[in-house]
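Student: These protein sequence lines are chains L and D, in that order.
For the first sequence, counting from 1, position 202 maps to 202 in our numbering; every step adds exactly one.
For the second sequence, counting from 1, position 419 maps to 891 in our numbering; every step adds exactly one.
The structure follows.
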Amino acid sequence: MPNFITHEDWLAITPLLIAGGGALIVLLVDLLWPKHAPRYVSLALGIGVLLAAGAFAATTYGRSYDAFNGGFMLGGFAVVFQEIIVVSAIFSLALFGTFGRDDRMAGITALLLWSTTGAMLMAGAANLMTIFLGLELLSLALYCLCGVAGRPASQESALKYLILSSTASGFLLFGMALLFGATGSVTLASLTLPGLTANPLYWMGGGFFLVGIAFKLSLMPFHVWSPDVYEGAPLPVTAFMSVVTKAGTLAVFARFAYALPHGEKLLLPFFVIAGISMIGGNLAMLAQTDLKRLLAYSGVAQAGYMVAALAGASALGMRYAIYYLAAYMFMNLGAFAIAALLSGEREEGAQIAAFRGLGQRQPLLAAAMSFFLLALAGFPPTAGFLGKILILAATVNAGYAWLAALLIAGTAISLYAYFKIFRLMYDPHDSPAPAVRTSAPLAYAGAAFCAVCVIIMTFYPLTPSNVLPLVK
Amino acid sequence: MVLLLILLPIAAGSVLFALPRGERLWSRVIGCVVAAATFALPLLDPNGGDFSARWLSRPFTASLHFSWSGFSLWLVLLLALCTFCAILATNAAQSRTMVALLLMLEGGMMGVFTARDILAFALFWDLMLIPPFFALIEWAPHRETAWRFLIYNFSGGLTLLLATAAFGILSGSTDVIGGTHQFAGSWAPWIFAGFAFAFAVKTPLWPLHTWMPNTYAELPPPFVAVISAVQSKAGLYGFIVIALPFLRSALVEWRWLLVALALVSLLYGAFVALTQTDTKRIVAYSSLSHLGLIVLAIASANPVAIQGALVYIVAHGLFSAALFLILGYLEEREETRSVLKLGGLGAVNPKLAGAFTIAALAALGLPGLAGFAGELVILTGVFRAGYFWPALIALVPIVLASAYMLRLLQDVINGPQVAALPRRPDLTVIEALAVAPLLAALLLVGIYPHALLAAVMR
């Protein structure tokens with residue numbers, strides 16, 4: 001194995017370099033522009049950078065290469081996760097068309113790009129160092145992004161996220177240190193060493209590592225931060241966080257879980273908390289009156305579904321977890337786009353009460369929201385329906401039928417919460433909430449795009465067939 | 473062709489939402505034309521209409537596979553007929569919304585009845601639950617009704633999904649409806665339980681029926697007509713095309729429970745119908761009782777009983793649609809559903825009373841009308857299967873049916889009228905046209921059940 005960095009290595013992380021370097025360009029343009037760069041210049045630059053990064057990543061699909069001595073694995077797995085991350089980031093930037101102060105837009109765009117870079121690094125990270133590097137890059141930028149709204153709630157959210165997330169990073173780092181102690185190496189591949197399971201450091205390290213992962217995935221009972229942070233953060237940032245942190249962390253977890261040769265014992269508690277999340281997240285959703293909190297708890301449960309697909313480390317499960325993640329991205333971001341369209345500067349659309357009488361006021365928006373909620377609840381003809389059945393099939397196939405049963409129970413509970421919004425939108429006995437009209441063509445386009453994707457994914461389930469061989 | 477049958481009503485329903493909210497004429501015209509087209513399509517080409525496209529190849533093969541053949545065709549026709557009549561009878565202020573939802577409901581159910589793949593069946597099963605839910609939000613006076621409908625039925629949909637996934641994993645393909653390969657193994661009873669729960673909720677079967685009386689009582693009559701006449705049959709259809717051919721051994725294993733629940737539904741429905749005073753609730757509980765008889769036939773797994781069940785499914789669809797539409801007319805005129813207040817219909821509205829009488833007599837199983845043929849063949853089959861006592865017990869609610877239906881007729885048609893109400897016109901032409909096809913079909917099937925039986929035997 002060569003110890004020096006080659007041209008190929010740099011090529012492997014070019015999408016990351018584009019996204020990270022693009023952030024500097026955005027800042028530079030802002031600096032050189034008389035006063036500040038207009039909002040749409042920063043956003044357009046940011047979206048352009050992300051499109052370039054996504055396009056470059058797409059060209060590497062199908063290639064397999066271990067860059068930086070196995071620190072970053074290029075392959076179908078990484079590319080699919082990177083594309084999901086890039087699409088969510090573009091979407092969040094589009095939502096920023098009506099949020100936040102003009103003069104801060106360049107900074108916001110740059111932070112979002114850096115955060116995206118971190119998540120993209122996690123998608124390909126295959127040793128403990130790069131995992132941590134990616135995670136911290138993602139999180140550090142997000143701490144700042146949570147606070148950009150300037151409302152007290154936003155600042156509180158940033159501080160809460162900083163403190164709690166750092167604690168979790170501590171757990172993760174401690175786990176990594178112990179794993180390093182057990183194996184003498186930072187690569188995930190070293191977890192296959194024979195006789196490792198006799199070493200207590202392996203169990204402790206693995207346990208701490210998984211606690212950190214569970215926190216970042218907001219699995220119950222490590223989810224407590226997510227509703228508060230989601231509630232306070234600006235709406236586009238919440239949309240970004242809800243998908244991108246999950247995507248990055250899920251990629252890391254999948255690599256870790258699939259690297260263990262006999263991981264059932266170590267991973268079983270993790271699948272148990274995934275099961276708890278499905279039930280608990282959906283139960284907690286019932287009591288929410290704030291849409292962002294509701295979607296946070298929904299995210300807790302949905303993360304549980306995705307993790308459940310990975311139970312048993314089956315080849316199929318991985319595909320279905322990715323499929324569901326992509327489906328979740330579109331339906332979740334679609335719901336956020338509708339909330340953004342109902343929001344002014346004070347984010348009225350984030351309150352569930354803002355949906356009162358929407359069916360009469362703005363029937364198209366109400367229909368779109370209904371569609372995304374139906375998708376989240378797993379009704380056909382949406383990708384949520386097909387994703388659920390694929391996950392059920394994977395868990396049953398892997399011998400985790402109890403997870404399938406919990407998934408069913410959790411979904412049944414979730415109905416009440418999602419459909420509470422339906423009732424608000426369509427109940428003829430209620431008086432409608434005051435209308436907030438925003439003209440945000442980007443958000444409209446985003447919502448329409450999400451809806452189309454959710455339907456197409458149902459009938460053409462594009463599960464990337466060469467993902468698995470490249471997981472390693 | 474068959475895809476058109478599913479997509480045309482759904483597309484037409486969506487387009488109708490573009491009309492203004494208060495629109496009343498064009499929505500009904502379009503709705504009737506579309507429903508009539510869905511009735512004519514399968515008749516033009518009774519053996520054709522097969523559409524198949526590969527959907528999944530892993531973890532099991534599944535196709536978007538639809539066709540009409542054999543019994544599906546009868547249910548498709550029944551559905552199209554009931555939808556047509558219901559749209560014609562729609563007379564609410566919100567007719568645009570109601571017609572649109574009715575069409576979407578029709579499209580969803582067309583998918584259920586023509587699906588040749590269990591996964592596609594499950595997809596349309598969930599899809600057909602959405603329009604009634606929106607209708608309940610829009611029209612039901614009590615909010616809990618919509619929730620109860622949704623939670624019960626969607627829980628059923630979820631167990632159906634789980635059972636479908638397990639079935640697909642273990643048998644390798646879900647593109648199987650119409651075939652008969654036996655599916656055995658230690659998982660079979662659980663997979664059957666998943667399917668059976670969904671079907672039992674939808675039918676409904678005691679004790680999973682508690683969503684049903686409120687839903688039927690609070691939905692507008694055209695909607696109830698379609699739901700009670702056709703949607704409730706989706707569960708029975710599922711038993712016949714999925715549970716019986718593939719999971720017969722599991723069905724035999726669970727048979728004691730199915731027979732017991734069917735008998736309880738039969739008796740409970742009949743006794744409760746005797747005590748109700750709300751006209752729609754009387755018919756709703758009678759429905760619980762009648763459908764219990766069909767479940768009994770299915771549980772006996774006797775070929776003769778199954779044939780009877782198929783005939784009775786169509787017959788029940790016809791008379792319950794007619795009954796609910798007529799009760800709707802009645803409620804519109806008399807402004808009450810309580811039999812304690814109603815009366816004197818025979819003197820004031822003889823045509824309406826006549827139509828009501830025919831439908832009610834069919835419901836109590838009068839020979840010469842459709843209900844009788846089905847009941848007779850079912851009981852014969854259940855006897856033949858060796859279920860002497862269940863068959864004997866099933867006779868009790870059939871006798872009780874005469875009691876509650878005649879009481880309903882008597883209370884509504886005879887006696888003094890409700891005082892101090894605005895004028896009560898007799899059946900208008902359109903109202904009459906809406907129930908006439910149903911009543912004619914009742915007579916036809918009653919006098920000449922052979923046509924239907926012959927089709928079913930094949």
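By construction, the Cβ of each residue, glycine as well, lies at the ideal position given by its N, Cα and C atoms.
DSSP on G312 (chain L), reduced to helix/strand/coil?
Tutor: It is helical.
Student: Taking Cβ-Cβ distances shorter than 7 Å, what residues in chain L pair up with W728 (chain D)?
Tutor: Within chain L, no residue comes near W728 (chain D); the closest Cβ sits about 24 Å away, beyond 7 Å.
Student: My output table needs one value for G651 (chain D): the three-state DSSP class, helix, strand or coil.
Tutor: G651 (chain D): strand per DSSP, three-state reduction.
Student: Around the Cβ of G628 (chain D), are there at least 16 other Cβ atoms within 10 angstroms (buried) or fewer (exposed)?
Tutor: By the neighbour-count rule (16 or more Cβ atoms within 10 Å), G628 (chain D) is buried.
Student: Determine, for R588 (chain D), whether the minimum Cβ-Cβ distance to residues of chain L falls below 8 Å.
Tutor: Taking Cβ atoms only, chain L never reaches closer than 8 Å to R588 (chain D), which makes this a no.
Student: Less than 6 Å between C-beta atoms, sequence neighbours within five positions excluded: which residues of the same chain meet that for L599 (chain D)?
Tutor: Excluding sequence neighbours, L599 (chain D) sits near G580.
Student: Could you check whether the Cβ of T411 (chain L) sits closer than 8 Å to any Cβ belonging to chain D?
Tutor: Yes, T411 (chain L) lies at the interface with chain D (some Cβ there is under 8 Å from its Cβ).
Student: Please check if any C-beta of chain L sits within less than 8 Å of the C-beta of L475 (chain D).
Tutor: Not an interface residue.
Student: Tell me the DSSP secondary structure of T533 (chain D) in three-state form.
Tutor: If DSSP states are grouped into helix, strand and coil, T533 (chain D) belongs with the strands.
Student: At a Cβ threshold of 8 Å, is V79 (chain L) touching chain D?
Tutor: Not an interface residue.
Student: Comparing alpha-carbon positions, which option in L:H429, L:S431, L:G107 lies nearest D30 (chain L)?
Tutor: The shortest C-alpha separation from D30 (chain L) is found at L:G107.
Student: Residues of the segment 620-632 of chain D with a CB closer than 8 Å to any CB of chain L: list them in chain order, please.
Tutor: Against chain L - using a Cβ distance shorter than 8 Å - the residues of the segment 620-632 of chain D are L622, I623, F626, S627, L630, T631.
Student: With DSSP as the reference, label I482 (chain D) as helix, strand or coil.
Tutor: Residue state, collapsed to three classes: helix.
Student: Checking the sheet assignment: what are the DSSP bridge partners for L74 (chain L)?
Tutor: In DSSP, L74 (chain L) forms a bridge with L:Y65.
Student: Rounded C-beta distance between L634 (chain D) and A404 (chain L)? I'm assuming under 8 Å.
Tutor: About 6 Å separates the two Cβ atoms, so the contact holds.
Student: Is A398 (chain L) near G304 (chain L), with beta carbons less than 8 Å apart?
Tutor: In this structure, G304 (chain L) does not lie closer than 8 Å to A398 (chain L) by Cβ.
Student: List the DSSP bridge partners of D290 (chain L).
Tutor: Answer by DSSP bridge pairing, in chain order: L:Q351.
Student: May I have the straight-line CA-CA distance separating L74 (chain L) from A254 (chain L), to the nearest angstrom?
Tutor: Straight-line Cα distance between these residues: approximately 15 Å.
Student: Output the distance between the C-alpha atoms of L640 (chain D) and Y320 (chain L), rounded to the nearest integer angstrom.
Tutor: Residue 640 (chain D) is actually Gly in this sequence, not Leu. Using only the alpha carbons, I get a separation of about 15 Å.
Student: How far does the alpha helix (DSSP H) with F585 (chain D) in it reach, from first residue to last?
Tutor: Run containing F585 (chain D): 567-586, per the alpha helix (DSSP H) assignment.
Student: With 8 Å as the threshold, decide whether the Cβ of Y418 (chain L) is near any Cβ in chain D.
Tutor: Not one chain D Cβ lies under 8 Å of Y418 (chain L).
Student: What residues match up with S810 (chain D) in a beta bridge as DSSP calls it?
Tutor: Answer is D:D750.
Student: Using a Cβ cut-off of 8 Å (strictly closer), state whether G640 (chain D) contacts chain L.
Tutor: At least one chain L Cβ lies under 8 Å of G640 (chain D).
Student: Taking L28 (chain L) as the reference, give the member of L:A394, L:F99, L:M105, L:R63 with the closest Cα.
Tutor: Ranking L:A394, L:F99, L:M105, L:R63 by Cα distance to L28 (chain L) puts L:M105 first.
Student: So which residues on chain L does L591 (chain D) lean against when the C-beta distance must stay under 8 Å?
Tutor: Near L591 (chain D) (Cβ distances below 8 Å), the residues of chain L are I389.
Student: Spatial neighbours of E231 (chain L) within its chain, please: C-beta separation below 6 Å, excluding the five flanking residues on both sides.
Tutor: D290, K292, R293, listed in sequence order.
Student: Would you call the CB atoms of A906 (chain D) and C557 (chain D) closer than 8 Å?
Tutor: A contact, by the Cβ cut-off of 8 Å.
Student: What in chain D is Cβ-close to D427 (chain L), meaning under 7 Å?
Tutor: Near D427 (chain L) (Cβ distances below 7 Å), the residues of chain D are I609.
Student: Can you tell me whether DSSP reads R101 (chain L) as helix, strand or coil?
Tutor: DSSP places R101 (chain L) in coil when its eight states are reduced to three.
Student: What runs of the alpha helix (DSSP H), each 4 residues or longer, lie entirely inside the segment 363-447 of chain L?
Tutor: Listed in chain order, they are 363-377, 383-397, 401-426.
Student: Closest to F371 (chain L) by C-alpha separation, out of L:F385, L:A326, L:A257, would be which residue?
Tutor: Looking at the Cα atoms, L:F385 is the closest of the given residues.
Student: Given this structure, state the Cα-to-Cα distance separating V593 (chain D) from G583 (chain D), to the nearest angstrom.
Tutor: Residue identity check: residue 593 (chain D) is Phe in the sequence provided, not Val. Cα to Cα, the separation comes out at about 7 Å.
Student: Helix, strand or coil for P469 (chain L), going by three-state DSSP, please let me know.
Tutor: Annotation note: pLDDT 44 at P469 (chain L) (below 50); position unreliable, coordinate value reported separately. Looking at P469 (chain L) - three-state DSSP - the assignment turns out to be helix.
Student: Hey, how far is the Cα of L723 (chain D) from the Cα of P676 (chain D)?
Tutor: Rounded to whole angstroms, L723 (chain D) to P676 (chain D) spans 18 Å at the Cα level.
Student: Using the beta-carbon of each residue, which ones in chain D are nearer than 7 Å to I408 (chain L)?
Tutor: By Cβ distance, chain D contributes L630, T631, L634.
Student: Where do the ends of the beta strand (DSSP E) carrying S524 (chain D) lie?
Tutor: Here the beta strand (DSSP E) through S524 (chain D) covers 522-528.
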